[in-house]
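If you use the working numbering, the sequence shown corresponds to residues 3 to 62, in order. One structure is given below, encoded as structure tokens.
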Amino acid sequence: MRVLRLALLMGLLAAPVLAHHGSDTETTTSVLWSALAFAGLALLVGAVVAVVVRLLTKGW
Numbered sequence: 003m004r005v006l007r008l009a010l011l012m013g014l015l016a017a018p019v020l021a022h023h024g025s026d027t028e029t030t031t032s033v034l035w036s037a038l039a040f041a042g043l044a045l046l047v048g049a050v051v052a053v054v055v056r057l058l059t060k061g062w
């Protein structure tokens with residue numbers, strides 16, 4: 003569970019930084035939408051990592 007918490011925390015901290023990279027805001031999508039998309043992606047990656055770690059530590 004520590005790995006999942008760490009992955010979620012890192013994803014949530016990195017999402018706002020990656021969401022707005024200094025481009026012209028009139029020609030791009032909403033910053034809020036981008037932040038939510040990156041947060042969702044980080045959550046998905048964290049869930050996949052948690053499943054893989056659980057499978058590897060539990061054994062086949």
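We treat Cβ as the ideally placed atom computed from N, Cα and C, and that holds for glycine.
Is residue i buried or exposed, if buried means 16 or more other CB atoms sit within 10 Å of its CB?
i, result
"Gly-13", "buried"
"Ala-44", "buried"
"Leu-58", "exposed"
Leaving out five residues before and five after residue i in sequence, what residues of the same chain have Cβ atoms less than 8 Å from its Cβ?
i, result
"Thr-29", "Legend: pLDDT at Thr-29 = 48, less than 50; position of this residue unreliable, value from coordinates given subsequently. So the list is empty, once near-sequence residues are dropped."
"Ala-9", "Ala-44, Val-47, Gly-48, Val-51, Ala-52"
Among the residues of its own chain, which have a CB less than 6 Å from the CB of residue i, if the five just before and after it don't count?
i, result
"Arg-7", "none"
With residue i and residue j assumed to form a contact (beta carbons below 8 Å), what rounded beta-carbon distance in angstroms separates them?
i, j, result
"Ser-5", "Ala-49", "Per the sequence presented here, residue 5 reads as Val, with Ser not at that position. Not quite, the Cβ-Cβ distance comes to about 11 Å (not below 8 Å), so this is no contact."
Is residue i close to chain C, meaning its C-beta is less than 8 Å from at least one C-beta of that chain?
i, result
"Ala-44", "No chain C appears in the structure shown, which is made up of a single protein chain."
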